[in-house]
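I have placed the structure first, in the form of structure tokens, so that the comments after it can refer back to it.
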Amino acid sequence: MKVDPRAVPSDTLLTPLDGAGAQRVERTRAALFDALLPTPVGDHAGRSLRRDVERLGELGNIDPSLFAGSRPGEILEDILERILPSLELDEDTKSLAMTLVRDELDTRRSLDQQRADSGE
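For what it's worth, the numbering used here labels the leading residue of the sequence shown as -16, then goes sequentially.
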């Protein structure tokens, strides 16, 4: 991606002390950020990359039961057995990722065992 250099208006570089001025500066910064992005074409026309990134940070309605019981372990095992081996990564990165997932699985299993032992 090539970013075209554009002149930044000098008034956007100053941060006013009042609330309305700060909002104007933030809107201007957002507009400048969006202006630097490539123009969307096709299916993505009218969408904002900034908005897409903001939406990733929103939680939405997540049902906690999705991660109850053995489900997290099943997800990690699937990542370890099916997903990581299929990724096009260099061997060091793939090995590190697999080690991290294995460590997380071991930690979860250990915690599950401690919970089971304390419940008896």
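We put the beta carbon where it would ideally sit given N, CA and C, even for glycine.
DSSP three-state assignment for residue i, whether helix, strand or coil
i      : result
Gly45  : For the record, residue 45 in the displayed sequence is Ile; it is not Gly. Coil.
Ala51  : coil
Ser101 : helix
Residue closest to residue i, alpha-carbon to alpha-carbon, out of the options
i     : options                       : result
Val36 : Ala51, Asp100 and Phe16       : Phe16
Thr82 : Arg10, Ile62, Gly52 and Leu32 : Ile62
Glu87 : Arg65, Glu64 and Gly56        : Gly56
Cβ-based neighbour list, residue i, same chain, cut-off 6 Å, excluding 5 preceding and 5 following
i     : result
Arg12 : none
Arg38 : none
Opening and closing residue of the alpha helix (DSSP H) in which residue i lies
i     : result
Asp73 : From DSSP, Asp73 is part of no alpha helix (DSSP H); its letter is neither H nor E.
Glu37 : Leu32 to Leu39
Chain-order list of residues whose beta-carbon lies under 7 Å from that of residue i (same chain, five-residue window excluded)
i     : result
Asp89 : none
Beta-carbon proximity list for residue i, same chain, < 8 Å, skipping 5 on both sides
i     : result
Arg85 : Leu63
Arg91 : Pro55, Gly56 and Leu59
Leu67 : Lys77, Ala80, Met81 and Val84
Glu9  : none
Per the contact definition of three or more C-beta pairs closer than 8 Å, is the region 91 to 98 in contact with the region 68 to 82?
The region 68 to 82 and the region 91 to 98 do not touch, with fewer than 3 CB-CB distances between them shorter than 8 Å.
Counting pairs of Cβ atoms below 8 Å between the region 46 to 55 and the region 76 to 83, do you hit three or more?
No, the region 46 to 55 does not touch the region 76 to 83.
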